[in-house]
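Chemist: Chains as they are written, first to last, in the working numbering: chain S, 403 to 749; chain H, 733 to 1012.
All C-beta atoms in this analysis are idealised placements derived from N, C-alpha and C, irrespective of residue type, glycine included.
None of these values were measured; they are calculated from a predicted model.
Below you will find the structure I want to go over with you.
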Amino acid sequence: MADKIINKADLPALLSRLMDHYRVYAPVRHQGVTNFEEISAAELVDLSLVNTTLSPKSLMLPQSESMFEFTLDRTSDQVGVLREIEKDFSPRIIFGIRPCDAKSFQLLDLNFDTPTYHDPWWVRRRQSTILIGLGCNDPCRTCFCTSVGSGPFSTDGLDILFIDAGDEFAIKTVTKKGEQTFSKVEIGPESSDTTTDAVLSVQESALRLMKSVVHTENLKDQDEKALFEADFWDEVQFGCINCGVCTFVCPTCWCFDIQDEVHKGNGIRLRNWDACMFPLFTLHGSGHNPRAQKLQRVRQRFMHKLKYFVDKYDVGVACVGCGRCVQQCPVNIDIREVFSLMNSLKV
Amino acid sequence: MENPYLPYPVRIESVVTETEDRNLKTFKLVFLNSGDGEKFVHSPGQFAELSIAGKGEIPIGIASSPTEQGYLLFTVNKVGVVTTELHQMKSGDIIGVRGPLGNWYPWKRMEGKNVVIIGGGFAFTTLRASIVYMLNPENRSRFGDITVIYGARTPGMLLYRDELAAWNERDDIRVHITVDAADDPEWRYNVGFVPTITQETAPSAKEAYAIVCGPPIMIKFTLPILSELGFPPERIIMSLEMRMKCGIGMCGRCNIGTEYVCKDGPVFDLAHMSRLPNEY
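So this is what it looks like as structure tokens:
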């Protein structure tokens, strides 16, 4: 049941009112590629695409992030001492995020906000962000969110959900944070029965359009070592060229590297996205590499998402079914087929 | 919010060249800011990230025992960018320390038990911390017999030679020092590989734990001997190495199956390791 409605024509005005209070991020199209970015005007928002080319993970975990700064000037009493860098954690809204991508943030919380350690940048960005989702009336052929605990209108991880109901958006407020957001700006009237019917109708039709189904029910009970040693990895990895695009576009690939950069006596320590597809990721100083071979690296990626994560956290797979890796892989490796191989392995 | 990536600034107090190839140096580090030392509370077996601004960080086992107050010791092999830079540094220079990180040898489980320490080459650092810790008068009665088997390629490649000699004189610890080969006619200890010396000295498995750290080839040949001697896998303790960055289980590279070596390890018993994929 939707709480409020807003006429589609009034959306730019609503976004403008939100921009008075928040930094607003939304999908924007540049030269045929749509990605999330901070908007300076409501008219820039482009909601025509289901999934953005890149996932919005960079809004929580920037592709390159400066962590600390330092000086190497030996006359300074601070030489070699790392200092924290001021960052903007003022409140912001991510508008138009799809339910699958919102769920990915919840999964990554398990890695970055743990009982022992809290990644300060991840946690503060999460705290200062309101997620306003947009349901998927017309899922892609590569989408399989309904198989992995999400769905085209799932509210998991969202503060507010917009549903395209024809001439208007139905607005469902999910969390207290979402309620507070809309207490600051004026939105449309209460939802009517007509809108409710329209919402039910698009939800039903979206589920009918969702053709991809993967099976995950056996993954938890499969033997980890048996999966690791399975013969099928040879076939799965055969075409892989280790380009890493799957990890680049994946909303649940969070691995990073830490590097120092120095320019004229001043430096920063930064972290950059990294990926298990690259041999350097695990190369020891001694020259030994536990994942020197492509097969080992491809296996690591799928085992991590579909088995190690499942066993470690017991909340299902580290995949939200967005289908980006399926769309972008240059050699057509399809994670849905790997789901099937892993789920159905008989020892 | 505490930032787990921010190192404590420390000053290099002294540098000791440990080995004849001059590739291993021990750095004694003192915290620059009062209070940081109190926050850094470790158990033998843990490691820390040493940070050099402009070069990066390296995960290194803590060679000092928590019973040695006021400083930290790290013995570092010169291998890559950060370690090479560190080897150029002198007392007075400022670096960073982040930690303590990872788990430690199972001191609670080993209480009241005999402890056999088997080390090879430069993997003796956290073993030194362990020996110093157990020999501390406050701790010695908490453990039964302590046996140490430690080997290096040559006499000049042994770490902590003065301490080894001093431990060898004591009656509350049994020390078997060995080298692969020695051309020194005065050499008064063993000659032979660590697995051979382990077999010959045959430490009893009764009520005993074995901690094994060394190069892969040493471990490969030592484990079967420990099994023959009757050590069950739960009482064979090992410390693993991996390429690491964050040290807190977040950056994703050091996993073996479900376990992050930096956070869930680096210490694992053999029973646990045998349940993990063979990828290390």
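Could you compute how far the alpha carbon of residue 848 of chain H sits from the alpha carbon of residue 942 of chain H?
Modeler: For the purposes of this step, residue 848 of chain H is taken as residue 116 along the second sequence, with counting starting at 1. For the purposes of this step, residue 942 of chain H is taken as residue 210 along the second sequence, with counting starting at 1. So the alpha carbons of these two residues sit roughly 5 Å apart.
Chemist: Can you tell me whether residue 409 of chain S is helix, strand or coil according to DSSP?
Modeler: The sequence position of residue 409 of chain S within the first sequence is 7, counting from 1. Strand, per DSSP.
Chemist: Please say whether residue 723 of chain S and residue 383 of chain S have beta carbons closer to each other than 9 Å?
Modeler: Outside the shown range of chain S (403 to 749) lies residue 383 of chain S, about which nothing can therefore be said.
Chemist: Quick check: is the beta carbon of residue 785 of chain H nearer than 9 Å to any beta carbon in chain S?
Modeler: Taking the second sequence and counting its residues from 1, the one referred to as residue 785 of chain H is at position 53. So yes, residue 785 of chain H belongs to the interface.
Chemist: As an exercise, report each continuous beta strand (DSSP E) stretch of at least 3 residues that is fully enclosed by the stretch 640 to 685 of chain S, in chain order.
Modeler: Runs found: 658 to 665 and 668 to 675.
Chemist: From S/450, S/715 and S/477, pick the residue whose C-alpha is nearest to that of residue 500 of chain S; which is it?
Modeler: Here the question's residue 500 of chain S lines up with position 98 in the first sequence. Out of S/450, S/715 and S/477, S/450 has the C-alpha closest to the C-alpha of residue 500 of chain S.
Chemist: For residue 639 of chain S, does the count of other Cβ atoms within 10 angstroms reach 16, so buried, or fall short, so exposed?
Modeler: Taking the first residue of the first sequence as 1, we reach residue 639 of chain S at position 237. Residue 639 of chain S is buried by the Cβ-count criterion.
Chemist: What does DSSP give as the partner residues of residue 971 of chain H in its beta bridges?
Modeler: On the second sequence, residue 971 of chain H is found 239 positions in, with the first residue counted as 1. In the DSSP output, where bridge partners are listed per residue, residue 971 of chain H has H/999.
Chemist: Starting from residue 440 of chain S, follow its DSSP beta bridges and name the residues at the other end.
Modeler: Sequence index remark: in the first sequence, residue 440 of chain S carries index 38 (1-based). DSSP, once it has assigned bridges, lists S/427 as partnering residue 440 of chain S.
Chemist: Leaving out the 5 sequence neighbours to the left and right, which residues in its chain are closer than 7 Å to residue 492 of chain S when beta-carbon positions are compared?
Modeler: For this step, residue 492 of chain S is matched to residue 90 along the first sequence. For residue 492 of chain S, where only same-chain residues beyond five positions count, the Cβ hits under 7 Å are 425 and 530.
Chemist: Among S/441, S/720 and S/745, which one has its Cα closest to the Cα of residue 621 of chain S?
Modeler: Translated into positions along the first sequence, residue 621 of chain S becomes position 219. The shortest C-alpha separation from residue 621 of chain S is found at S/745.
Chemist: CA-CA distance, residue 979 of chain H and residue 736 of chain S?
Modeler: As a position in the second sequence, residue 979 of chain H is number 247, starting the count at 1. As a position in the first sequence, residue 736 of chain S is number 334, starting the count at 1. When rounded, the distance between both Cα atoms is 32 Å.
Chemist: According to the neighbour-count rule (16 or more other Cβ atoms, all chains shown, within 10 Å of its Cβ), is residue 949 of chain H buried or exposed?
Modeler: The residue given as residue 949 of chain H occupies position 217 in the second sequence. The residue in question, residue 949 of chain H, is exposed, as its Cβ has fewer than 16 Cβ neighbours within 10 Å.
Chemist: Quick one: residues in its chain with C-beta nearer than 8 Å to the C-beta of residue 657 of chain S, no 5 flanking neighbours on either side, listed in chain order?
Modeler: As a working mapping, residue 657 of chain S is identified with position 255 in the first sequence. Same-chain partners within the cutoff: 649, 675, 676, 677, 678 and 683.
Chemist: Kindly indicate which residue of H/900, H/813 and H/800 has the alpha-carbon position closest to the one of residue 769 of chain H.
Modeler: Position 37 of the second sequence, counted from the first residue, corresponds to residue 769 of chain H. Selected option, being the one with the closest Cα: H/800.
Chemist: Report the CB separation of residue 731 of chain H from residue 757 of chain H in whole angstroms; it is logged as a contact under 8 Å.
Modeler: As shown, chain H starts at 733 and ends at 1012. That puts residue 731 of chain H outside it, with no answer to give.
Chemist: Can you tell me where the beta strand (DSSP E) with residue 495 of chain S in it begins and where it stops?
Modeler: Sequence index remark: in the first sequence, residue 495 of chain S carries index 93 (1-based). Taken as a continuous stretch (DSSP letters only), the beta strand (DSSP E) holding residue 495 of chain S covers 494 to 499.
Chemist: Using a C-beta to C-beta distance shorter than 9 Å, which residues of chain H count as neighbours of residue 513 of chain S?
Modeler: The residue you call residue 513 of chain S lines up with position 111 of the first sequence. Those are 981, 982 and 984, listed as they occur along chain H.
Chemist: Between residue 738 of chain H and chain S, is any beta-carbon pair separated by less than 9 Å?
Modeler: Working through the second sequence from its first residue, we reach residue 738 of chain H at position 6. Yes, residue 738 of chain H lies at the interface with chain S (some Cβ there is under 9 Å from its Cβ).
Chemist: Nearest by alpha-carbon distance to residue 616 of chain S: which of S/606, S/550 and S/574 is it?
Modeler: For the purposes of this step, residue 616 of chain S is taken as the residue at position 214 of the first sequence. The shortest Cα separation from residue 616 of chain S among S/606, S/550 and S/574 belongs to S/550.
Chemist: Of all the beta strand (DSSP E) runs that stay within the bounds of the stretch 519 to 560 of chain S, which reach a length of 3 or more residues?
Modeler: Listed in chain order, the complete beta strand (DSSP E) runs (minimum 3 residues) inside the stretch 519 to 560 of chain S are 531 to 536.
Chemist: Roughly how many angstroms separate the alpha carbons of residue 909 of chain H and residue 733 of chain S, rounded to a whole number?
Modeler: Reading the second sequence from its first residue, position 177 is the one you call residue 909 of chain H. Reading the first sequence from its first residue, position 331 is the one you call residue 733 of chain S. Going from the Cα of residue 909 of chain H to the Cα of residue 733 of chain S covers about 56 Å.
Chemist: Nearest to residue 778 of chain H by CA position, among H/836, H/924, H/894 and H/876, is which residue?
Modeler: Indexing the second sequence from 1 puts residue 778 of chain H at position 46. Checked all of H/836, H/924, H/894 and H/876; the closest Cα to residue 778 of chain H is H/836.
Chemist: Let me confirm a value: residue 689 of chain S is counted as buried when at least 16 other C-beta atoms fall within 10 Å, else exposed. Which label applies?
Modeler: Taking the first sequence and counting its residues from 1, one reaches residue 689 of chain S at position 287. Exposed, by the Cβ-count rule.
Chemist: DSSP beta-bridge partners for residue 940 of chain H?
Modeler: Within the second sequence, residue 940 of chain H is the residue found at index 208, counting from 1. Residue 940 of chain H is bridged to H/846.
Chemist: Starting from residue 566 of chain S, trace the beta strand (DSSP E) both ways and give me its first and last residue.
Modeler: By 1-based counting over the first sequence, the position of residue 566 of chain S is 164. Looking at the DSSP string, the run of the beta strand (DSSP E) that includes residue 566 of chain S is 562 to 566.
Chemist: For residue 403 of chain S, which residues of its own chain have a beta-carbon under 6 Å away from its beta-carbon, when the five flanking residues on both sides are left out?
Modeler: Your numbering for residue 403 of chain S matches position 1 in the first sequence. Low local confidence applies: a pLDDT of 42 at residue 403 of chain S is under 50, so the model's placement there is unreliable, with the coordinate-based value given in what follows. Hits under 6 Å: none found.
Chemist: Are the stretch 707 to 722 of chain S and the stretch 826 to 844 of chain H touching, with three or more C-beta to C-beta distances below 8 Å?
Modeler: Output reads no: the stretch 826 to 844 of chain H does not touch the stretch 707 to 722 of chain S.
Chemist: For residue 660 of chain S, which residues in chain H fall below 9 Å Cβ to Cβ?
Modeler: Locating residue 660 of chain S in the first sequence gives position 258, counting from the first residue. Under the 9 Å cutoff, chain H gives 737, 788, 789, 977, 978 and 983.
Chemist: Suppose you measure from the CA of residue 954 of chain H to the CA of residue 473 of chain S; what does that come to, to the nearest Å?
Modeler: Residue numbering aside, residue 954 of chain H sits at position 222 when the second sequence is read from its first letter. Residue numbering aside, residue 473 of chain S sits at position 71 when the first sequence is read from its first letter. Going from the Cα of residue 954 of chain H to the Cα of residue 473 of chain S covers about 48 Å.
Chemist: Starting from the beta carbon of residue 944 of chain H, find every residue of chain S whose beta carbon is closer than 8 Å, and list them in chain order.
Modeler: The residue given as residue 944 of chain H occupies position 212 in the second sequence. Within 8 Å Cβ-Cβ: nothing; residue 944 of chain H doesn't reach chain S, min ~18 Å.
Chemist: If we ignore side chains and look at the alpha-carbon of each, how far apart do residue 744 of chain H and residue 634 of chain S end up?
Modeler: If you number the second sequence from 1, residue 744 of chain H lands on position 12. If you number the first sequence from 1, residue 634 of chain S lands on position 232. Distance between the alpha carbons of residue 744 of chain H and residue 634 of chain S is about 52 Å.
Chemist: Ordered along the chain, which non-local residues of its own chain (more than five positions away) have a Cβ less than 6 Å from that of residue 543 of chain S?
Modeler: Reading the first sequence from its first residue, position 141 is the one you call residue 543 of chain S. No residues qualify anywhere along the chain.
Chemist: So residue 883 of chain H and residue 925 of chain H are supposed to be a Cβ contact under 8 Å. How far apart are they, rounded?
Modeler: Here the question's residue 883 of chain H lines up with position 151 in the second sequence. Here the question's residue 925 of chain H lines up with position 193 in the second sequence. Their Cβ separation, rounded to whole angstroms, is 7 Å, which keeps residue 883 of chain H and residue 925 of chain H in contact under 8 Å.
Chemist: Report the rounded CA-to-CA distance for residue 457 of chain S versus residue 498 of chain S, giving the unit in angstroms.
Modeler: Your numbering for residue 457 of chain S matches position 55 in the first sequence. Your numbering for residue 498 of chain S matches position 96 in the first sequence. Cα to Cα, residue 457 of chain S sits roughly 12 Å from residue 498 of chain S.
Chemist: Is the distance from the Cβ of residue 858 of chain H to the Cβ of residue 776 of chain H below 9 Å?
Modeler: As a position in the second sequence, residue 858 of chain H is number 126, starting the count at 1. As a position in the second sequence, residue 776 of chain H is number 44, starting the count at 1. Result yes, Cβ atoms of residue 858 of chain H and residue 776 of chain H sit closer than 9 Å.
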